[in-house]
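K.L.:
Number of protein chains: 2
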Amino acid sequence: MAGGSDQAGPRVRCILKLGGAAITKKNEFETLHETVLTATIQHIVDSLRAGGNDKEADHIVIVHGAGSFGHFQASKYGVSKGGLGSTAHILQGFAETRVSVTKLNHEVVRRLCEGGVAACGLSPFAGGWTTHNRKLATSDVASVRKTLEAGLLPVLHGDAVLDSGQGCTILSGDVIVRKLAADLRPDFVVFLTNVAGVYDKPPSEDGARLIREIAVAGDGTWTITDPNDLAQGVQMAAAAHDTTGGMATKIEEAAEIAAKGIPVYIAKAGTPAASAAIRGTPHKSLMGRKEGDSSRTSLEPWTGTVLRPSGH
Amino acid sequence: MAGGSDQAGPRVRCILKLGGAAITKKNEFETLHETVLTATIQHIVDSLRAGGNDKEADHIVIVHGAGSFGHFQASKYGVSKGGLGSTAHILQGFAETRVSVTKLNHEVVRRLCEGGVAACGLSPFAGGWTTHNRKLATSDVASVRKTLEAGLLPVLHGDAVLDSGQGCTILSGDVIVRKLAADLRPDFVVFLTNVAGVYDKPPSEDGARLIREIAVAGDGTWTITDPNDLAQGVQMAAAAHDTTGGMATKIEEAAEIAAKGIPVYIAKAGTPAASAAIRGTPHKSLMGRKEGDSSRTSLEPWTGTVLRPSGH
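For the protein sequence lines, the chains are E and U, in the order given.
Counting from -1, one number per residue, gives the positions in the first sequence under my numbering.
Counting from -1, one number per residue, gives the positions in the second sequence under my numbering.
What follows is the structure in structure tokens.
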């Protein structure tokens, strides 16, 4: 068992979250963001090729959001609010939401396969992931482990799931990432979004500044450690129909992961910064590695946010 | 708990197998048989509407084969023969096979939803169905039950799965149907195929005769009970690239189900006979019901094969 993992099962290099708002055009019904998705798939393919024959170190897990797949249906039928079983209307909404999110999952998996990656879709609903009053109740990490051990790349996604309290709800990809990170103990977690990282105010506003580093203690409290940035307010972009809580949820989930001792990189999907994050090589000074590391491949500062575990 | 079920869980009216050779054009790569699939979806929608508000009696489970989705990839990479993990080649074949079969599953589920049926895909691989040296080792009937209990219609499919003996293999839809029938104890099972039923010789040959009724004893032995047909040889059509064993497997699986006391109807997909089978109302004389039953809706004899449990 290599470093970075203290539990049974395969060593996982990276859990990679592809934000729905990044890989789809969030306000256009079931529309992929072709350029971003294509670039992201290529970044993943390149990162796996860079691993060479060391397949043991090459385990990654992908989780993607829904973006404009699923969100419209979920919103129309109130799927996140539950009520499944009370009316045929909600049942229909649940089913239509799943048709839409699995369509996106199929598209992501198909493109990975075309790139020569042996990827397999693992729908949370089908694997028995459920919630109780919107909180994760049951999961299926075992299938993810088995898929990795077989040499395949599991691709999960935010999904409509059964809820033992309110009937049904939406299980966000971010919650899935947190559970997988806790159980699989990856070397690092990457969130690829539609903005460069965490900003001190909404990034569309004048003067919004990217926060490059956040230190997260074991109890989940966090401090901005980028000496250039002492702002207090932290906000990110979130479209109005994001049924799973938008960026506030994302930062909370990311901080919870870093609190467990796992570095989290947030970067803009489809950019060189995203590629570096997937390879686990963002700007070295942010990584706490020694200066002069010969593996440093870029003189540009890495553009993104690192949530760095502190006090571990 | 209604009659026909002696186990815990929801009463299931019907497990319906849609043959891959029926709903796809088996020799044309990833091509749906549009007319047959459209008619079949409509038959399912009609059968559920006929159930009126008695949702308790309206539980059905659908399992479909792969046809020209998956079979080409599986054959090219030898997926059914295993070897997963030995080469990147096989891993890639496994992943590509799953992309193809899940594409068909998505299409079936999407069309059911468009027809107003709250259907949900349940990929066997994602649910943890596995084999050991090609024999079913683990299954996930619990997710099927939960899906039914929520009021949703589960749609499973023949899939590429992990095999603890040989690495990987193809799990046929027929094997899935047999396991589900044993555990869920449906009122009846329907196999919709690309021919009218079981014939005394290949149906493409001159003089091939449909066998209308086969009695199956509890030990699995069977007897042709149609008085017009005393032939010994039983054959059905099977395309050369059917990786899951073709019609011989189907008859074996069907007889195993009937041996458990569950009637099995085999009919040609997209025909009135298929519609009657899904509704559970094939020709009454074949059903052992009393003559003059007012629910008999057709004066034409039902065209299909019944595997009737005997001695139960």
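Quick reminder that beta carbons are idealized off the backbone N, C-alpha and C, glycines included.
It should be emphasised that the depicted structure is a prediction, and the values quoted were computed from it without experimental measurement.
I want to see whether chain E comes within less than 9 Å of Ser283(U), judged by CB atoms only; does it?
P.N.:
Note that Ser283(U) scores a pLDDT of 41, beneath 50, so its modelled location is shaky; the value from the coordinates is reported in the next line. Closer than 9 Å: no.
K.L.:
Could you check if Glu147(E) belongs to the surroundings of the ligand SAH, using beta carbon to heavy atom distance under 8 Å?
P.N.:
Among the components modelled here there is no ligand, and therefore nothing to report on the ligand SAH.
K.L.:
Taking 9 Å as the threshold (C-beta atoms), are Pro122(E) and Asp172(E) in contact?
P.N.:
Going by C-beta atoms, Asp172(E) is not nearer than 9 Å to Pro122(E).
K.L.:
Assign Pro8(U) to buried or exposed, taking buried as 16 or more other Cβ atoms, counted over all protein chains shown, within 10 Å of its Cβ.
P.N.:
Buried, since its Cβ has 16 or more Cβ neighbours within 10 Å.
K.L.:
Going by the DSSP bridge assignment, what does Ala307(E) pair with across the sheet?
P.N.:
According to the sequence shown, residue 307(E) is Pro rather than Ala. For Pro307(E), which the question treats as bridged, DSSP gives the partners Val214(E).
K.L.:
For His69(U), which three-state DSSP category applies?
P.N.:
If DSSP states are grouped into helix, strand and coil, His69(U) belongs with the helices.
K.L.:
Between which two residues does the beta strand (DSSP E) carrying Ile21(U) extend?
P.N.:
Premise fails: Ile21(U) lies in the alpha helix (DSSP H), 18 to 21, not in any beta strand (DSSP E).
K.L.:
Taking a contact to mean a Cβ-Cβ separation below 9 Å, would you say Gly302(E) touches Gly195(E) in this structure?
P.N.:
Taking 9 Å as the Cβ cut-off, Gly302(E) and Gly195(E) qualify as a contacting pair.
K.L.:
Can you say whether Ser202(E) is buried or exposed, counting buried as having 16 or more other CB atoms within 10 angstroms of its CB?
P.N.:
Exposed: under 16 other Cβ atoms inside 10 Å.
K.L.:
Use the C-beta contact count for Pro152(E): other C-beta atoms within 10 angstroms, 16 or more gives buried, fewer gives exposed.
P.N.:
Label assigned to Pro152(E): buried.
K.L.:
Any chance you could list the alpha helix (DSSP H) runs of at least 4 consecutive residues sitting entirely within the segment 108 to 178 of chain E, in chain order?
P.N.:
Taking only runs of at least 4 residues, the alpha helix (DSSP H) segments lying wholly in the segment 108 to 178 of chain E are 122 to 125, 139 to 147.
K.L.:
Evaluate Thr95(E) with the Cβ neighbour count: other Cβ atoms within 10 Å of its Cβ, from every protein chain shown; 16 or more gives buried, anything less gives exposed.
P.N.:
So Thr95(E) counts as buried.
K.L.:
How far does the beta strand (DSSP E) with His41(E) in it reach, from first residue to last?
P.N.:
It is not in any beta strand (DSSP E) - His41(E) instead sits in the alpha helix (DSSP H) that spans 32 to 48.
K.L.:
Using 8 Å as the cut-off, can you tell me whether the segment 180 to 199 of chain E makes contact with the segment 162 to 170 of chain U, which would need three or more C-beta pairs spanning the two stretches below that distance?
P.N.:
At 8 Å Cβ cutoff, the stretches do not touch.
K.L.:
Under a three-way DSSP split, which group does Ile58(U) fall into?
P.N.:
In this structure, Ile58(U) counts as strand in the three-state DSSP scheme.
K.L.:
In whole angstroms, what separates the C-alpha of Ile60(E) from that of Thr223(U)?
P.N.:
Straight-line Cα distance between these residues: approximately 55 Å.
K.L.:
Should the segment 25 to 35 of chain U be called in touch with the segment 202 to 214 of chain U, which here means at least 3 C-beta pairs below 8 Å?
P.N.:
The segment 25 to 35 of chain U vs the segment 202 to 214 of chain U: no contact.
K.L.:
If you compare alpha carbons, which of Thr85(U), Lys258(U), Asn192(U), His155(U) is closest to Ala272(U)?
P.N.:
If we check each option's Cα against that of Ala272(U), Asn192(U) comes out closest.
K.L.:
Output the distance between the C-alpha atoms of Pro261(U) and Val187(U), rounded to the nearest integer angstrom.
P.N.:
Cα to Cα, Pro261(U) sits roughly 6 Å from Val187(U).
K.L.:
For the beta strand (DSSP E) containing Ile264(U), list its first residue and its last residue.
P.N.:
From DSSP, the beta strand (DSSP E) with Ile264(U) extends over 262 to 266.
K.L.:
Please confirm if Ser66(E) has its CB atom under 9 Å from at least one CB of chain U.
P.N.:
Taking Cβ atoms only, chain U never reaches closer than 9 Å to Ser66(E), which makes this a no.
K.L.:
State yes or no: is the beta carbon of Phe27(E) nearer than 9 Å to at least one beta carbon in chain A?
P.N.:
No chain A appears in the structure shown, which is made up of the protein chains E and U.
K.L.:
So, using beta-carbon positions, are Ser45(U) and Arg306(U) closer together than 9 Å?
P.N.:
Cβ atoms of Ser45(U) and Arg306(U): not closer than 9 Å.
K.L.:
Could you spell out the range, first to last residue, of the beta strand (DSSP E) harbouring Phe189(U)?
P.N.:
Residues 186 to 191.
K.L.:
Buried or exposed for Ser137(U), please, with buried defined as at least 16 other CB atoms from any protein chain shown within 10 angstroms of its CB.
P.N.:
Burial call: buried.
K.L.:
Taking 9 Å as the CB-CB cut-off, is Arg96(E) touching chain U?
P.N.:
Yes, Arg96(E) lies at the interface with chain U (some Cβ there is under 9 Å from its Cβ).
K.L.:
Do the CB positions of Gly18(U) and Gly76(U) come within less than 9 Å of each other?
P.N.:
No, Cβ-Cβ distance for Gly18(U) and Gly76(U) is not below 9 Å.
K.L.:
Go to Ala220(U), then tell me how far its beta strand (DSSP E) extends in each direction, as first and last residue.
P.N.:
In the sequence as presented, Ala is not what sits at residue 220(U); that position holds Trp. From DSSP, the beta strand (DSSP E) with Trp220(U) extends over 220 to 222.
K.L.:
What does the Cβ neighbour count give for Asp217(E), buried or exposed, with the cut at 16 atoms within 10 Å?
P.N.:
So Asp217(E) ends up on the exposed side.
K.L.:
Going by CA-CA distance only, name the one from Leu14(E), Gly309(E), His69(E), Lys74(E) that's closest to Val43(E).
P.N.:
Looking at the Cα atoms, Leu14(E) is the closest of the given residues.
K.L.:
Is the shortest distance between the beta-carbon of Val107(U) and the beta-carbons of chain E less than 9 Å?
P.N.:
Interface residue, yes.
K.L.:
For Trp300(U) versus Ala253(U), is the C-beta spacing smaller than 9 Å?
P.N.:
No, Cβ-Cβ distance for Trp300(U) and Ala253(U) is not below 9 Å.
K.L.:
Spatial neighbours of Gly80(U) within its chain, please: CB distance less than 7 Å, with the 5 preceding and 5 following residues excluded, ordered by chain position.
P.N.:
Excluding sequence neighbours, Gly80(U) sits near Asp161, Gln164, Gly165, Cys166, Thr167.
K.L.:
Determine the DSSP secondary structure at Thr269(E), reduced to helix, strand or coil.
P.N.:
Looking at Thr269(E) - three-state DSSP - the assignment turns out to be coil, as it is neither helix nor strand.
K.L.:
Does Thr100(E) have its Cβ less than 9 Å from a Cβ in chain U?
P.N.:
Answer yes: the Cβ-Cβ gap between Thr100(E) and chain U drops below 9 Å somewhere.
K.L.:
Check this for me: beta carbons of Gln90(E) and Gly114(U), under 9 Å apart or not?
P.N.:
Yes, these two residues count as a Cβ contact at 9 Å.
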